[in-house]
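These notes concern the structure reproduced below.
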Amino acid sequence: MKLYYFPPSPNSRKAHAVAIQLDLPLDLRLVDLQKGEQRTPEFLQLNPTRRTPVLQDGEFVLWESTAIMQYLASQVSNSLWPENTQSRADIMRWQSWQMAHWQSACQPLQFERVVKQILRLGDPDPQIVEQATQRFHQEATVLNQHLAGRTYLVNETLTLADFSVASDLTYAGPGQFPLESYPHIQAWYARIEQFPAWQQTTPRG
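Residue numbers (the working numbering): 480 to 684.
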């Protein structure tokens, strides 16, 4: 299987981390978004949305990171994506929440305080930062309450849900995410950081 990815991307990270966690061999193909490689005719044939990651398994091509995570985890029996129907529904609940709510709370802070600096797009927009901070507190409160007394998001064991939700905290430090009031999130993310799969996919530089 080939994984077309951009290592600094949280979406690429979570898909790659799943493969490492499950010891699934991947042929990694770098798509440098900063050089515009996502707009080449070759890549557009794989993904017309011009985003990473993309998984190619023979003739089968799959884009969208959550779908890729589930496909990878379906290759072997494991606890990341257990066979139990209710467990899978619970995992998908948190993956859906991540896509619909958590990502949109974290991404503006990441863009304003990290991406803008890298691309030299000027200073953070105070209004956007303020709005994103309010949204972050709203969603972080939900996550923090859920993690109170829990080790992981689902079934007290690492699942796809954890990798999905944790991916948006990849740039929590440089993005200055206001995590001070959320001890359960901090403790949970510290546990995620202990996994070699997460350490090996940490963006460099």
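The beta carbon of each residue, even a glycine, is placed where N, CA and C say it ideally should be.
How far does the beta strand (DSSP E) with P485 in it reach, from first residue to last? With the sequence shown as reference, residue 485 is identified as Phe, and Pro is not the correct amino acid for it. Segment: none, F485 is in no beta strand (DSSP E) and carries neither H nor E.
Is it buried or exposed for E635, if we count other Cβ within 10 angstroms and need 16 for buried? exposed
Among E516, D647, Q679, the one whose alpha carbon lies nearest that of P587: D647
Between the C-alpha atoms of M480 and V540, what's the straight-line distance to the nearest angstrom? 10 Å
Which residue wins for smallest C-alpha separation from A552, given the options T519, P487, P504, A611? P504
Quick check on the DSSP output: the beta strand (DSSP E) that includes R508 runs from which residue to which? 506–509
For L637, does the count of other Cβ atoms within 10 angstroms reach 16, so buried, or fall short, so exposed? buried
Under 8 Å between C-beta atoms, does E618 make it to chain C? No chain C is part of this structure, which consists of one protein chain only.
Can you grab the Cα-Cα spacing for the pair L600 / Q513, in whole Å? 13 Å
Quick check: the segment 590–600 against the segment 551–570, are there 3 or more CB pairs under 8 Å? no
So T680 packs on A496, CB below 8 Å; how close in whole Å? 5 Å
For the candidate residues R529, D604, A645, whose alpha-carbon lies nearest to that of Y483? Check the Cα spacing between Y483 and each of R529, D604, A645: the tightest is with R529.
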